[in-house]
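Student:
Protein chains: 2
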Amino acid sequence: MDKKKNISMAVIKRLPKYYRYLQELKNNDVDRISSKELSEKIGFTASQIRQDLNCFGDFGQQGYGYNVKELYDQIKNILGLKKEYNTIIIGAGNIGQAIANYINFQKIGFTLTSIFDINPKLFGLKIRDIEISDIDTLDSFLKKHTVDIAIICVPSKNAQSICEVIVKNGVKGIWNFAPIDLNTPENVIVENVHLSESLLTLSCLLNGDI
Amino acid sequence: MDKKKNISMAVIKRLPKYYRYLQELKNNDVDRISSKELSEKIGFTASQIRQDLNCFGDFGQQGYGYNVKELYDQIKNILGLKKEYNTIIIGAGNIGQAIANYINFQKIGFTLTSIFDINPKLFGLKIRDIEISDIDTLDSFLKKHTVDIAIICVPSKNAQSICEVIVKNGVKGIWNFAPIDLNTPENVIVENVHLSESLLTLSCLLNGDI
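Residue numbers (the working numbering), protein chains in the order written: chain A, 1 to 210; chain B, 211 to 420.
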């Protein structure tokens, strides 16, 4: 398993895409696929694909291609999808509610166990049967329950202090939608979704003189 | 302006972050900043910062650092934020509604002009004073109005056909939240926000044996 170590972030970022395409192939009962065929579907070069997948072990066979089911299972495993994750959402505004309603995450093993907000008008309301609780109870909730991933959907100005409560209580994964960079210890993994930055990338590319 | 050409996607993806930090500095009345100080704030190395910013012109002065206001203005310009963008949202489900309610985009020049959905129950409802219209009227709307950016928030299975209506009517920018890769002509810019892929990156990194 030594091959798994020191995989670059660029490869890791491409894995979910491999996973999505392999799932589609599997659902369409495709048994095997060459790196060339996969390349036509996924848009990476065949050599890139061989190089990427080689990081994780010897999946392909010369002249035969990849066994779709086997490769899918391996990537599912590498992506940590053989486990279940307890998640909570902090901030039940627009984005928080949208994420809470996104039932697909549940299907792939991410269970939403609680939602917190600062607005008393929301306390007791439910999203998909999960009650919105007072953010003041977050600390005590975390002391009693195991949470693998905290999803931060609060405004920028509150995000760092929320992050500190989470980290103090041993949460190791943060999915951050607040448009700031959180300060966290090294053993905490933060994945950011910065919507404004994505939109500005689009306007930058549209602008044309790059 | 030759320096502007052939900027790598990696640099372009970092620009919105520079913009965010420079805006903060400007709002705090900071006049100038060295690449070293900026590095401490933003988390890129000072040499990375000098290299990135040098792509766009000679902003810095040895021993003086960067003029915050000037650099902010230039990056704002490069990001295409001196213009206004007409945007529409297609798909008024969870994500579509969240984006429609995100008032910050309006502030930086992205005006939402219309929202479309397939669900008759939503027709006529308003989000921030913008009425949700029947998706069947999208084609005729696009023939009458200039749209710079279409924001696709429909399920995967509908995204490509919607994309074709948009592209046929000359829209050049697509912000795509549907978890598929859209087929578009080369002159159309697509920026994807694939939430599942972001979450899987997090579970992959949390899993620890990478």
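Glycine included, C-beta positions come from ideal geometry on N, C-alpha and C. Because the structure is a prediction, the values reported are computed rather than measured.
For B/G383, which beta-bridge partners are listed by DSSP?
Tutor: For the purposes of this step, residue 383 of chain B is taken as residue 173 along the second sequence, with counting starting at 1. Looking at the DSSP assignment, B/G383 forms a beta bridge with B/I359, B/I399.
Student: Looking at C-alpha atoms only, which residue of A/G63, A/I118, A/K107, A/K83 is the closest neighbour of A/I89?
Tutor: Locating residue 89 of chain A in the first sequence gives position 89, where the first residue counts as 1. Of A/G63, A/I118, A/K107, A/K83, the residue nearest in Cα terms is A/I118.
Student: Apart from the five residues just before and just after A/E191, which ones in its own chain have a Cβ nearer than 6 Å to its Cβ?
Tutor: For the purposes of this step, residue 191 of chain A is taken as the residue at position 191 of the first sequence. Excluding residues within five positions, the ones whose Cβ falls inside 6 Å are W175.
Student: Can you give the Cα-Cα distance for A/M1 and A/F56, rounded to whole angstroms?
Tutor: Within the first sequence, the letter at position 1 stands for residue 1 of chain A. Within the first sequence, the letter at position 56 stands for residue 56 of chain A. Its pLDDT being 35, under 50, A/M1 is placed unreliably in this model, and the value from its coordinates should be taken loosely. Their Cα atoms are separated by approximately 8 Å.
Student: Taking B/T394 as the query, report the chain A residues whose CB atoms sit under 8 Å from its CB, ordered along the chain.
Tutor: Taking the second sequence and counting its residues from 1, one reaches residue 394 of chain B at position 184. By Cβ distance, chain A contributes nothing, its closest Cβ being about 12 Å from B/T394, past 8 Å.
Student: Do A/S140 and A/F116 count as a contact pair if the criterion is CB distance below 8 Å?
Tutor: For the purposes of this step, residue 116 of chain A is taken as residue 116 along the first sequence, with counting starting at 1. For the purposes of this step, residue 140 of chain A is taken as residue 140 along the first sequence, with counting starting at 1. It is not a contact, given that the beta carbons lie outside the stated cut-off.
Student: Quick one, which residues of the stretch 7-30 of chain A are near chain B if we go by CB-CB under 8 Å, in chain order?
Tutor: Flagged, chain order: I7, I12, K13, L15, P16, K17, Y19, R20.
Student: For A/L206, tell me which candidate among B/R230, B/G275, B/F254, B/E294 has the shortest Cα-Cα distance.
Tutor: Locating residue 206 of chain A in the first sequence gives position 206, where the first residue counts as 1. Checking every option, the nearest Cα to that of A/L206 belongs to B/E294.
Student: Any beta carbon of chain B sitting closer than 8 Å to that of A/F105?
Tutor: As a working mapping, residue 105 of chain A is identified with position 105 in the first sequence. Cβ-Cβ to chain B under 8 Å: yes for A/F105.
Student: Please state the DSSP three-state secondary structure of B/T297.
Tutor: Residue 297 of chain B sits at position 87 when you count from the first residue of the second sequence. B/T297: strand per DSSP, three-state reduction.
Student: Alpha helix (DSSP H) containing B/S408: first to last residue?
Tutor: Residue numbering aside, residue 408 of chain B sits at position 198 when the second sequence is read from its first letter. Start and end: 405-417.
Student: Within 10 Å of its beta-carbon, does A/D52 have 16 or more other beta-carbons around it, so buried, or fewer, so exposed?
Tutor: Position 52 of the first sequence, counted from the start, is the residue given in the question as residue 52 of chain A. A/D52 is buried by the Cβ-count criterion.
Student: Quick one: grab the DSSP three-state call for A/K17.
Tutor: Position 17 of the first sequence, counting from 1, holds the residue named residue 17 of chain A. A/K17: helix per DSSP, three-state reduction.
Student: Could you name the residues of the same chain whose beta carbon sits closer than 8 Å to that of A/K26, not counting the 5 residues immediately before and after it, in chain order?
Tutor: Here residue 26 of chain A refers to the residue found at position 26 of the first sequence. Excluding positions up to five away in sequence, the list reads V68, K69, Y72.
Student: Starting from the Cα of A/K289, find the closest Cα among A/N86, A/E164, A/T45, A/G91 and give me that residue.
Tutor: Here chain A has residues from 1 to 210 only, and residue 289 of chain A is not among them.
Student: Does B/N304 pass the burial test, meaning 16 or more other C-beta atoms within 10 Å, or should it be called exposed?
Tutor: Locating residue 304 of chain B in the second sequence gives position 94, where the first residue counts as 1. By the 10 Å Cβ count, B/N304 comes out buried.
Student: Using the Cβ count rule (16 or more neighbours within 10 Å means buried), how would you classify A/A159?
Tutor: Residue mapping note: residue 159 of chain A aligns to position 159 of the first sequence, counting from 1. Looking at its Cβ environment, which holds 16 or more other Cβ atoms inside 10 Å, A/A159 is buried.
Student: Chain B partners of A/A92, CB-CB under 9 Å?
Tutor: Counted from its first residue, the first sequence places residue 92 of chain A at position 92. Under the 9 Å cutoff, chain B gives no residues; its nearest Cβ is about 11 Å from A/A92.
Student: Using beta-carbon positions only, say whether A/V167 and A/P179 come within less than 8 Å of one another.
Tutor: Counting from 1 along the first sequence, the entry for residue 167 of chain A is found at position 167. Counting from 1 along the first sequence, the entry for residue 179 of chain A is found at position 179. Taking 8 Å as the Cβ cut-off, A/V167 and A/P179 do not qualify as a contacting pair.
Student: Mind listing the chain B neighbours of A/G173? Cutoff is C-beta to C-beta under 9 Å, in chain order.
Tutor: Within the first sequence, the letter at position 173 stands for residue 173 of chain A. In chain order: L412, S413, L415, L416.
Student: Give the DSSP bridge partners of B/R242, in chain order.
Tutor: In the second sequence, residue 242 of chain B corresponds to position 32, counting from 1. Answer is B/N277, bridged to B/R242.
Student: Would a C-beta distance cut-off of 8 Å place A/V147 and A/V171 closer than the cut-off?
Tutor: For the purposes of this step, residue 147 of chain A is taken as the residue at position 147 of the first sequence. For the purposes of this step, residue 171 of chain A is taken as the residue at position 171 of the first sequence. Yes; because the gap between Cβ atoms is below 8 Å, this pair is in contact.
Student: Find the residues of chain A that neighbour B/I376, judging by a C-beta separation of less than 9 Å, and give them in chain order.
Tutor: Along the second sequence, read from residue 1 onward, the residue named residue 376 of chain B stands at position 166. In chain order: nothing, as chain A lies at least about 14 Å away.
Student: Using the Cα positions of A/K3 and A/N77, report the straight-line distance between them to the nearest angstrom.
Tutor: Here residue 3 of chain A is taken as the residue at index 3 of the first sequence, counted from 1. Here residue 77 of chain A is taken as the residue at index 77 of the first sequence, counted from 1. Residue confidence for A/K3 is low, a pLDDT of 44 falling below 50, so the modelled location carries little weight and cannot support an answer.
Student: Within the same chain, show all residues whose beta-carbon is closer than 7 Å to that of A/L81, passing over the 5 residues directly before and after it, in chain order.
Tutor: Against the first sequence, residue 81 of chain A aligns to sequence position 81. So the qualifying residues of the chain are I108, G109.
Student: Considering only their Cβ atoms, is the gap separating B/L332 from B/G302 smaller than 8 Å?
Tutor: The residue you call residue 302 of chain B lines up with position 92 of the second sequence. The residue you call residue 332 of chain B lines up with position 122 of the second sequence. One point to set straight first is that residue 302 of chain B is Ala, not Gly, in the sequence displayed. For B/A302 and B/L332, yes; Cβs fall inside 8 Å.
Student: Does the CB of A/N101 have a neighbour CB from chain B at under 8 Å?
Tutor: As a working note, residue 101 of chain A is residue 101 in the first sequence. At least one chain B Cβ lies under 8 Å of A/N101.
Student: With a 10 Å radius around its C-beta and 16 neighbouring C-beta atoms as the bar for buried, classify A/S35 as buried or exposed.
Tutor: Stepping through the first sequence from its first residue, residue 35 of chain A is reached at position 35. Per the 10 Å Cβ criterion, buried.
Student: Closer than 9 Å, Cβ to any Cβ of chain A: which residues of the stretch 320-339 of chain B, in chain order?
Tutor: Hits within the stretch, in order: F320.
Student: What residues of chain B sit near A/V147, judged by a beta carbon separation below 8 Å?
Tutor: Stepping through the first sequence from its first residue, residue 147 of chain A is reached at position 147. Simply none; closest approach about 12 Å.
Student: Under the DSSP definition of a beta bridge, which residues are partnered with B/L322?
Tutor: In the second sequence, counting from the first residue as 1, residue 322 of chain B sits at position 112. Beta-bridge pairing links B/L322 to B/T297.
Student: Would you check whether the ligand NAD has a heavy atom nearer than 7 Å to the C-beta of B/N386?
Tutor: The ligand NAD is absent from the structure shown, which contains no ligands of any kind.
Student: With DSSP run on the structure shown, which of helix, strand or coil describes A/K168?
Tutor: The residue you call residue 168 of chain A lines up with position 168 of the first sequence. The answer is helix: DSSP assigns A/K168 an H, G or I state.
Student: Identify, in the order they occur along the chain, each residue of the same chain with its Cβ nearer than 8 Å to the Cβ of A/I189, setting aside the five sequence neighbours on each side.
Tutor: Against the first sequence, residue 189 of chain A aligns to sequence position 189. Hits under 8 Å: K172, G173, I174.
Student: With a threshold of 8 Å between beta-carbons, can B/K213 be considered close to chain A, or not?
Tutor: Here residue 213 of chain B is taken as the residue at index 3 of the second sequence, counted from 1. Confidence is the limiting factor: at B/K213 the pLDDT is only 44, short of 50, which leaves the residue's position unreliable and the question unanswerable from this model.
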